[in-house]
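Here the structure is laid out as structure tokens; the discussion comes afterwards.
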Amino acid sequence: MKTVSSVRNLPPIALLNIVRHWRASKITILPKMQFAIHSSKPTNSVAEKNVNAAWKQIRNVLSFRKAMFWCFLLWLSLLGRCFSFPNHYYHVKLRSTPTSHRMTTEKNSLLVTFDLDNTLFPVAPVVRDADIALVRGLHDLGCHQATSDRIQGHINHISRKKRKRLTYSELRLRAIHQELLLNSDNSNNDDDDAWSKAHDVFDIWLQERHASAERHLFSDVVEALQSLPSEATVGAITNACGDPLAMNETLAPYFDFCVSGEDPHVFPFRKPHKMIFRTALQKYQQPGTIWCHVGDCLANDVGGSGNLGAKPIWVQLEENRHEVRPPSKSRRKLAKAAHLKYVRDQRSKMTHWSQFPSLLEEIVAKAM
1 MKTVSSVRNL PPIALLNIVR HWRASKITIL PKMQFAIHSS KPTNSVAEKN
51 VNAAWKQIRN VLSFRKAMFW CFLLWLSLLG RCFSFPNHYY HVKLRSTPTS
101 HRMTTEKNSL LVTFDLDNTL FPVAPVVRDA DIALVRGLHD LGCHQATSDR
151 IQGHINHISR KKRKRLTYSE LRLRAIHQEL LLNSDNSNND DDDAWSKAHD
201 VFDIWLQERH ASAERHLFSD VVEALQSLPS EATVGAITNA CGDPLAMNET
251 LAPYFDFCVS GEDPHVFPFR KPHKMIFRTA LQKYQQPGTI WCHVGDCLAN
301 DVGGSGNLGA KPIWVQLEEN RHEVRPPSKS RRKLAKAAHL KYVRDQRSKM
351 THWSQFPSLL EEIVAKAM
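Letter by letter, the sequence shown follows residues 1 to 368 in the numbering used here.
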């Protein structure tokens with residue numbers, strides 16, 4: 001007679017064999033929940049012990065292994081949600097509600113979205129021109145001590161003081177309001193009047209930002225936009241307050257929509273968060289649409305859009321290489337991961353806007 005140790009040390013196949021022998025009366029239960037399998041030779045009789053308890057122990061072992069299997073599957077599914085898989089493993093179903101005036105067919109074949117700052121125009125000279133107009137507006141209201149550095153100091157102070165996150169526009173507006181209260185020549189200037197003037201000065205800043213962006217467009221940007229197919233839907237996805245639809249002399253005729261990280265239904269989910277991209281996709285992407293996103297930031301544009309299935313084009317313009325700043329500390333890890341994925345997938349890189357039509361044509365040909 002052969003003695004087998006506790007069932008907890010046995011694999012499932014051995015447990016099934018034990019059950020089969022037991023049902024054929026070839027197995028008996030020893031006092032310490034061990035099993036004795038009868039050989040062909042006669043053996044001494046062994047008193048049977050609690051058969052139900054043995055069967056319950058077998059069931060518990062099988063249930064435990066089954067539970068571990070389902071826990072492993074659950075862990076895999078959670079892992080898939082936390083990390084981005086390649087595009088052919090990751091699919092997002094999105095609603096489509098076409099509202100664009102440029103849609104000429106019922107089913108769009110191409111959606112092209114652009115970042116704005118340092119993609120279509122350099123942001124540093126644009127903001128500098130807007131700040132000069134802002135200071136000039138404050139001087140006209142009697143704030144003769146106002147400077148760009150003072151406004152930036154107010155912005156930094158407010159952002160550190162406020163626990164609630166504020167948009168870039170809200171920070172600038174509050175900085176203008178604070179400067180008006182501190183330096184206005186009108187001592188009777190009440191708070192309501194100061195807020196009204198602050199909004200007027202901010203409008204001056206925003207208008208000059210758009211006007212300066214039109215003056216500083218990179219070479220061949222307009223020609224590249226003119227090369228887009230007529231059935232393509234064109235939009236902007238930006239973290240800042242720039243809007244191509246407000247640039248009537250240059251960009252407005254070629255754009256259908258703009259989604260900003262400062263929009264009430266988007267903030268604070270700026271790029272590279274998926275929310276800002278999905279806000280655009282839910283309105284303008286249809287099943288089967290090829291989506292191409294063009295941007296200069298590896299983390300925000302290439303990585304953020306690529307994780308949702310876009311075909312990104314990384315913009316690294318030669319004429320703007322001196323204006324590009326390295327990513328912030330919080331973005332370095334994301335930028336590194338996006339760059340590794342960029343190299344692995346051999347995605348497109350653009351150093352001049354004259355390359356855009358051929359790159360887009362290549363992307364569409366591969367996706368068809």
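We put the CB at the ideal spot given by N, CA and C, even for glycine.
Within its own chain, the residues whose Cβ lies closer than 6 Å to the Cβ of K311, once the five positions on either side in sequence are excluded, are C292, I363, listed in chain order. DSSP places K56 in the helix class (H, G or I) of the three-state scheme. Counting only runs of 4 or more residues that sit fully inside the stretch 130-214, the alpha helix (DSSP H) segments are 148-161, 168-183, in chain order. Nearest in C-alpha terms to L298, of all of I313, Q286, D191, is I313. Three or more Cβ pairs closer than 8 Å define a contact, and the stretch 161-177 falls short of that threshold against the stretch 210-226. For M275, no beta strand (DSSP E) segment is defined; the enclosing uninterrupted segment is the alpha helix (DSSP H) at 274-284. Secondary structure note for A367: its alpha helix (DSSP H) is the uninterrupted segment 356-367. When the five nearest sequence neighbours on each side are left out, the beta carbons in the same chain lying within less than 7 Å of the beta carbon of S148 are those of D131, V135, in order along the chain. A236 is the residue among A236, D263, H273, F269 whose C-alpha sits nearest the C-alpha of F255. In the structure shown, C71 falls within a helical segment according to DSSP collapsed to helix, strand and coil. Note: A236 is bridge-paired with F114, C258 in the DSSP secondary-structure output. Put simply, the backbone Cα of D193 is about 46 Å away from that of W353. Take the alpha-carbon of F72 and the one of F64: they are about 12 Å apart. The C-alpha of H144 is placed about 44 Å away from the C-alpha of V302. DSSP links G295 through a beta bridge to W314. DSSP places F121 in the strand class (E or B) of the three-state scheme.
In terms of Cα proximity to V201, the closest of V221, L180, V127, S358 is L180. Counting along the chain, K271 sits inside no beta strand (DSSP E), nor does DSSP assign it H or E at all.
Residue V112 holds the alpha-carbon nearest to the alpha-carbon of L225 among L78, V112, M368. A straight-line Cα-Cα distance of about 16 Å links T279 and A240. A Cβ-Cβ separation of about 5 Å places D296 in contact with T119 under the 8 Å criterion. Listed in chain order, the non-local C-beta contacts of A146 below 7 Å within the same chain comprise V135, L138, H139, E179, N183, local neighbours out to five positions each way being set aside. With fewer than 16 other Cβ atoms inside 10 Å of its own Cβ, N156 counts as exposed. With a 10 Å radius around the Cβ and a threshold of 16 neighbouring Cβ atoms, G306 comes out buried. Counted as a single uninterrupted DSSP element, the beta strand (DSSP E) harbouring S348 occupies residues 348-350.
The beta-carbon separation of W205 and A133, rounded to 6 Å, stays under the 8 Å limit for a contact. Its chain contains L110, V112 as the residues whose beta carbon lies nearer than 6 Å to that of A232, once the 5 sequence neighbours on both sides are disregarded; these appear in chain order. A distance below 7 Å between beta-carbons, with the five flanking residues on each side excluded, links E208 to the following residues of its chain, in chain order: D129, A130, A133. Looking only at N60, S227, L166, L141, the smallest Cα-Cα distance to W195 is reached by L141. For V221, the uninterrupted alpha helix (DSSP H) segment begins and ends at 221-226.
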